[in-house]
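Participant: Respectively, the protein sequence lines represent chains F and A.
Heads up: the first sequence runs through residues 0 to 150, numbered per numbering that gives the first Met the number 0.
Heads up: the second sequence runs through residues 0 to 370, numbered per numbering that gives the first Met the number 0.
Sending over a structure as structure tokens; questions will come in a sec.
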Amino acid sequence: MTKDELKIKFESLQEGLSFEEGTEWLTINVDPEGFRNFALVLRNNNELHFDYLFCLTAVDWKTHLSVVYHFSSTVFRHEVVIKVKIEKANPIVDTVCDIWRTAEFHEREAYDLLGVEFVGHPDLRRLFLTPDHEGFPLRKDYEDPINMIKL
Amino acid sequence: MLEELGTNDQGDMIINIGPQHPSTHGVLHLVITLNGETIKKVEPHLGYIHRSIEKMCESLSYRQFIYVTSRMDYLSSHINNHGCALCVEKGLQIEIPARAQVIRVLMDELTRLASHLLWWGALAMDLGAFTPFFYSFREREMINELMEDTCGARLTMNYIVPGGVMMDLHPDFQRKVKEFLRLFKSKIHEYDDLVTGNIIFQNRTKGVGYISREDAISYGCTGPTGRGSGLSCDIRKLYPYEIYDQLQFDEVIETGGDSWARYKVRVGEMVQSMRIIEQLIDNIPEGEFQAKTKAVLKLPKGDFYTRVETARGELGVYIVSEGGSTPYRIKFRSPGFSNLSALDHMSRGGKIGDLMATMGTLDLVIPDIDR
Chain F
0 MTKDELKIKF ESLQEGLSFE EGTEWLTINV DPEGFRNFAL VLRNNNELHF DYLFCLTAVD
60 WKTHLSVVYH FSSTVFRHEV VIKVKIEKAN PIVDTVCDIW RTAEFHEREA YDLLGVEFVG
120 HPDLRRLFLT PDHEGFPLRK DYEDPINMIK L
Chain A
0 MLEELGTNDQ GDMIINIGPQ HPSTHGVLHL VITLNGETIK KVEPHLGYIH RSIEKMCESL
60 SYRQFIYVTS RMDYLSSHIN NHGCALCVEK GLQIEIPARA QVIRVLMDEL TRLASHLLWW
120 GALAMDLGAF TPFFYSFRER EMINELMEDT CGARLTMNYI VPGGVMMDLH PDFQRKVKEF
180 LRLFKSKIHE YDDLVTGNII FQNRTKGVGY ISREDAISYG CTGPTGRGSG LSCDIRKLYP
240 YEIYDQLQFD EVIETGGDSW ARYKVRVGEM VQSMRIIEQL IDNIPEGEFQ AKTKAVLKLP
300 KGDFYTRVET ARGELGVYIV SEGGSTPYRI KFRSPGFSNL SALDHMSRGG KIGDLMATMG
360 TLDLVIPDID R
């Protein structure tokens, strides 16, 4: 489906979705509460069939965090981007690693570097940094006086 | 920090492979739970060379950050640079001169050849055959030399920049590439004689490290790992960039899903890369090698995502821009990271001796995973 067809399809599936304008791929903002059910629709709807999660990351917007999911379908070759806005003080979002297995590592990375907590993840530990490391390096307020190079 | 060495409460043996181990090709640490010789679980421990490249890029300008990305997957550094340059060009909507496009594709394919050659030699060495390593390095050395002539470096080239390429080709480039092609064509049958047709090698890879097509999609396996499971995932074919849509080449797909299938995909890709180079080497258009760009590049506000096909699979470059001269957030979706996440699934139930064959055909490059 093209971007416009996808938009019509999503609007028929769920009311009140907020779309982002001016993006290459259809971008939808989803609440953390409804995200898990929305993800199941993405995966299991026969006309959408988003079976390939090719990128999962998070962005620190200073006031809040947003978790960004890039989905693609290996059957229909269409893409969609889902953004989940979460609070910085309570960075909780449901896991999708039982739906897309690749999310297991990607979620651990997002937890390690940005401190996003994925509820239901079987093994949410730091991936790159040591377990006793303090802070989350990719957050904008992270300070490391020894190792950080500023230009 | 690490699991206690020895046994767990079910009587399984827990052993560590790495971080210093010849078969991991870098500082990868695997904690393996074994029942006798059978693998019950493989748990990768990462981060030994984590440099936080994504954080570094946040304080580097759009011209500077490309140099850091050569250090991710150092065996396909041209293609890393290419992905980043494409992403910046997408944001700025720069048109690339035809000459630069052809040079980029030529360099990408030469890099892919060099990377697959190293993989081929190293895989055979992992499985106990030492000679192939010298055969493949003999050819790889020629590619490295002609890279050195043009780019000034053998591994971290930093040659592809936003707007085109850094400088024009060396006058000897075409002659040397043709010489390489002539030599490689006369030698490639030796590769099949030495390894592909070797019954010991076949027995060690057939049926080892199996992953089905559905699981490959779910784990995000791309590149030869995905194509060995019958998944069509070549970015050059699916979402062509530069001039790939005008070139004649085949996407090599095998349906076996095992180490043998992944081996055959990579060997087939070497032949396809040669085909692409042959089509282009006499047809490099004259003209500029770099588009005219501003001294300070500023991407408009928004998200930009590009994908390119490295020797290991799909590299995604995701730039979030706030309109400044440095990226607000940058994310590299590296192919090795997703491929590694499938290692546990692939090797469960297999023998510990087969783990090397599985890991070897995944072709992991650890700096690409750790970043």
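The C-beta atom is built at its ideal place from N, Cα and C for all residues, glycine as well.
Here the structure is a predicted model, which is why all the values come from computation and not from measurement.
Can you name the start and end residues of the alpha helix (DSSP H) that L105 (chain F) belongs to?
Facilitator: Going by the sequence as given, residue 105 (chain F) is His instead of Leu. Looking at the DSSP string, the run of the alpha helix (DSSP H) that includes H105 (chain F) is A102 to L113.
Participant: Where does N80 (chain A) land, buried or exposed, given buried means 16+ other C-beta within 10 angstroms?
Facilitator: When all chains shown are included, N80 (chain A) counts as buried.
Participant: For V40 (chain F), name the three-state secondary structure that DSSP assigns.
Facilitator: Helix at V40 (chain F).
Participant: Less than 7 Å between the beta carbons of S337 (chain A) and D367 (chain A), yes or no?
Facilitator: In this structure, D367 (chain A) does not lie closer than 7 Å to S337 (chain A) by Cβ.
Participant: Does the beta-carbon of S228 (chain A) have 16 or more other beta-carbons within 10 angstroms, so that it is buried, or is it exposed?
Facilitator: Under this definition S228 (chain A) is a buried residue.
Participant: Spatial neighbours of L154 (chain A) within its chain, please: C-beta separation below 7 Å, excluding the five flanking residues on both sides.
Facilitator: Here the set comprises Y73 and S76.
Participant: Hey, quick one: how far does the alpha helix (DSSP H) through Y317 (chain A) stretch, first residue to last?
Facilitator: Unbroken run through Y317 (chain A) is the beta strand (DSSP E), E313 to S320; no alpha helix (DSSP H).
Participant: Buried or exposed: where does A294 (chain A) fall if 16 or more other Cβ atoms within 10 Å of its Cβ makes it buried?
Facilitator: Burial call: exposed.
Participant: Are the CB atoms of V79 (chain F) and L113 (chain F) nearer to each other than 7 Å?
Facilitator: Cβ atoms of V79 (chain F) and L113 (chain F): not closer than 7 Å.
Participant: Does the structure place the region 208-225 of chain A close enough to the region 335-349 of chain A that three or more beta carbon pairs sit under 8 Å?
Facilitator: Yes, since at least three Cβ pairs between the region 335-349 of chain A and the region 208-225 of chain A fall closer than 8 Å, the two stretches touch.
Participant: Excluding the 5 residues preceding and the 5 following A260 (chain A) in the sequence, name in chain order all residues of the same chain whose CB lies nearer than 8 Å to its CB.
Facilitator: Correct list, in chain order: G227, S228, E253 and T254.
Participant: What does L126 (chain F) reach in chain A if we use C-beta pairs closer than 8 Å?
Facilitator: Here the neighbours are L45 and G46.
Participant: Does any C-beta atom of chain F lie closer than 7 Å to the C-beta of H49 (chain A)?
Facilitator: Judged by the 7 Å Cβ criterion, H49 (chain A) is in contact with chain F.
Participant: Tell me whether L182 (chain A) is buried or exposed, calling it buried when 16 or more other Cβ atoms sit within 10 Å of its Cβ.
Facilitator: It is exposed - the Cβ of L182 (chain A) has fewer than 16 other Cβ atoms within 10 Å.
Participant: Where DSSP assigns a beta bridge to T26 (chain F), which residues make up the other side?
Facilitator: According to DSSP, T26 (chain F) bridges with F:E19 and F:V80.
Participant: Which residues in the same chain have their Cβ closer than 8 Å to the Cβ of D8 (chain A), if we skip the five residues on either side of it in sequence?
Facilitator: Closer than 8 Å at the Cβ level, and outside the excluded window around D8 (chain A), lies no residue.
Participant: Quick check on the burial criterion: 16 or more other C-beta atoms within 10 angstroms. Buried or exposed for G134 (chain F)?
Facilitator: Exposed, by the Cβ-count rule.
Participant: Would you grab the beta carbon distance between L128 (chain F) and R107 (chain F) for me? Rounded to a whole angstrom, and I think it's under 8 Å.
Facilitator: With 8 Å as the limit, L128 (chain F) and R107 (chain F) do not qualify as a contact, their Cβ atoms being about 11 Å apart.
Participant: Per DSSP, which one or two residues make a beta bridge with S65 (chain F)?
Facilitator: Its beta-bridge partners are F:V58 and F:K84.
Participant: Note down, in chain order, every chain A residue with its Cβ under 7 Å from the Cβ of G21 (chain F).
Facilitator: Within 7 Å Cβ-Cβ: G301.
Participant: In the DSSP assignment, the alpha helix (DSSP H) including T357 (chain A) goes from what residue to what residue?
Facilitator: Looking at the DSSP string, the run of the alpha helix (DSSP H) that includes T357 (chain A) is L354 to L361.
Participant: May I ask you to report which of helix, strand or coil DSSP gives R136 (chain F)?
Facilitator: It should be pointed out that residue 136 (chain F) corresponds to Pro in this sequence rather than to Arg. Coil, per DSSP.
Participant: By the criterion of Cβ-Cβ separation under 8 Å, what are the contact partners of D362 (chain A) in chain F?
Facilitator: Neighbours of D362 (chain A) on chain F: none; closest Cβ ~17 Å, over 8 Å.
Participant: Helix or strand or just coil, what does DSSP make of L1 (chain A)?
Facilitator: Here L1 (chain A) scores only 46 on pLDDT, less than 50, and its place in the model is too uncertain to base an answer on.
Participant: So is S211 (chain A) buried or exposed if we call it buried at 16+ other beta carbons inside 10 Å?
Facilitator: By the neighbour-count rule (16 or more Cβ atoms within 10 Å), S211 (chain A) is not buried but exposed.
Participant: Going straight from the alpha carbon of Y134 (chain A) to that of G348 (chain A), what length do you get?
Facilitator: Answer to the nearest angstrom: the Cα atoms are 34 Å apart.
Participant: Between the beta-carbon of H101 (chain A) and the beta-carbon of L279 (chain A), is there less than 7 Å?
Facilitator: One point to set straight first is that residue 101 (chain A) is Val, not His, in the sequence displayed. Yes; because the gap between Cβ atoms is below 7 Å, this pair is in contact.
Participant: Give the interface partners of F336 (chain A) over in chain F, defined as CB-CB distance under 7 Å, in chain order.
Facilitator: Result: F104.
Participant: Between which two residues does the alpha helix (DSSP H) containing I198 (chain A) stretch?
Facilitator: Residues I198 to T204.
Participant: Relative to the C-alpha of N89 (chain F), which candidate in F:L64, F:K139, F:F9 and F:Y68 has its C-alpha closest?
Facilitator: Taking only the C-alpha atoms, the option nearest N89 (chain F) is F:L64.
Participant: Between A:K236, A:E53, A:V270 and A:A84, which has its C-alpha nearest H188 (chain A)'s C-alpha?
Facilitator: Considering only alpha carbons, the answer is A:V270.
Participant: Would you mind reading off the limits of the beta strand (DSSP E) that contains N7 (chain A)?
Facilitator: Here N7 (chain A) belongs to no beta strand (DSSP E), and DSSP marks it neither H nor E.
Participant: What distance in whole Å lies between the Cβ atoms of L52 (chain F) and W99 (chain F), which are believed to be in contact at a cut-off of 8 Å?
Facilitator: Yes, they are in contact, since the Cβ atoms of W99 (chain F) and L52 (chain F) sit about 4 Å apart, within 8 Å.
Participant: Name the chain A residues whose beta carbon is nearer than 7 Å to that of V58 (chain F)?
Facilitator: What V58 (chain F) touches in chain A: V319 and R328.
Participant: Nearest-angstrom Cα distance between E2 (chain A) and N15 (chain A)?
Facilitator: Since pLDDT at E2 (chain A) reaches only 49, below the 50 mark, its modelled position is unreliable, and the value read off the structure follows with that caveat. The alpha-carbon atoms of E2 (chain A) and N15 (chain A) are separated by roughly 9 Å.
Participant: Please tell me whether, using a cut-off of 6 Å, the distance from the CB of C54 (chain F) to the nearest non-hydrogen atom of the ligand ATP is below it.
Facilitator: Inclusion of the ligand ATP in the displayed structure is not the case, the ligand content being empty and no account of it being possible.
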